[in-house]
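Numbering (our numbering), first residue to last: -18 to 253.
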């Protein structure tokens, strides 16, 4: 094993920082950063390739180091780093001492392998990695078949999205596409589209049947869905608000809609 890395000027450490800070570097190198033993274990269980791992022995106990080695590939490079250096590259407080380079599973919309009756969560122009990560956790919990992001303003495998999703970005297929491609693809596959929007024409979300092929579309917290996308969808739905505010944050609203679809499908399955 190489000597522990103790200088922040080490070329590998400097590259880590570039990958953290610049989506252009992540795209150019075909890599992202996964921090945390739990997240890395989830990524490996999903078949994600991890070429390099950095471990701080002062933060990760020996037993957990052995646990980590068991989930890594035999050819994964392993580097130990000092606590001072690790604290420089870690992007969250209270890190457990594991940080890795991973090759994200980039997919295109036509490559999605969906069941006959898919449940899809769609985000338009998402720009906050934390919101994307929270929706991915919902998608995993609801066992949605994919998360599709139209015209994203953040890359899907932003390290902060991975962190906030607790690794669920690897457990649910996630795809970036355009509004036009999404709509055409949904029509081609007979998928009904439901736009969540503050619109006079919107009807309560409980008024609809989500047991068939379904795509639930959510916009940004600041602006919502674009008028063009709302107009192109089959239905416009709303979560009725009983208090002073007129909407929920996007991750909470997505969870409400997704689990209503799950509830309906579970009831149908029980009856059958």
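Backbone N, C-alpha and C fix where the C-beta goes; we use that ideal spot for every residue, glycine too.
For the pair residue 81 and residue 110, the CB atoms are not nearer than the 7 Å cut-off.
The segment 99 to 106 makes no contact with the segment 39 to 52: fewer than 3 CB pairs, one atom from each, lie closer than 8 Å. Excluding residues up to 5 positions away in sequence, 205, 219, 227 and 228 lie with their Cβ nearer than 8 Å to the Cβ of residue 179 in the same chain. Residue 145 sits buried, since 16 or more C-beta atoms from the chains shown fall within 10 Å of its C-beta.
Restricting attention to 237, 83, 68 and 211, the CA atom closest to the CA of residue 187 is found in 237.
Within a 10 Å sphere around the beta-carbon of residue 56 sit fewer than 16 other beta-carbons, which makes this residue exposed. Around residue 33, the same chain offers 58 and 82 as residues with beta carbons nearer than 6 Å, after the five sequence neighbours per side are excluded.
The beta carbon of residue 64 sits closer than 7 Å to those of 37, 39 and 40, all from its chain and outside the five residues before and after it, given in chain order.
In the displayed model, residue 217 falls within a strand according to three-state DSSP. By the C-beta density criterion, residue 133 is buried, having at least 16 other C-beta atoms within 10 angstroms.
Taking C-beta atoms under 8 Å as the contact rule, residue 242 and residue 174 fail to qualify, at a distance of about 13 Å. Residue 185 and residue 245 have their alpha carbons spaced roughly 15 Å apart. By alpha-carbon distance to residue -1, the top candidate from 239, 211, 251 and 70 is 70. Within the model, the alpha-carbon separation for residue 68 versus residue 252 is close to 54 Å.
Remark: C-beta atoms of residue 211 and residue 176 approach each other more closely than 7 Å. Counting only runs of 4 or more residues that sit fully inside the segment -18 to 26, the alpha helix (DSSP H) segments are -8 to 2, 4 to 10 and 18 to 26, in chain order.
Residue 167 sits in a helix when the DSSP states are folded into three classes.
Per the DSSP secondary-structure output, residue 79 pairs in a beta bridge with 36. Here DSSP, grouped into helix, strand and coil, assigns residue 99 to coil. For residue 241, the enclosing alpha helix (DSSP H) has its first and last residue at 231 to 252.
With fewer than three CB-CB distances shorter than 8 Å, the segment 110 to 128 does not count as touching the segment 160 to 174. If you draw a straight line from the Cα of residue 52 to the Cα of residue 18, it comes to about 10 Å.
The bridge partners DSSP lists for residue 205 are 201. Its Cα nearest to that of residue 192, the residue 250 stands out among 250, 14 and 165. Counted as a single uninterrupted DSSP element, the beta strand (DSSP E) harbouring residue 155 occupies residues 155 to 158.
Residue environment for residue 222: exposed (fewer than 16 other C-beta atoms within 10 angstroms of its C-beta).
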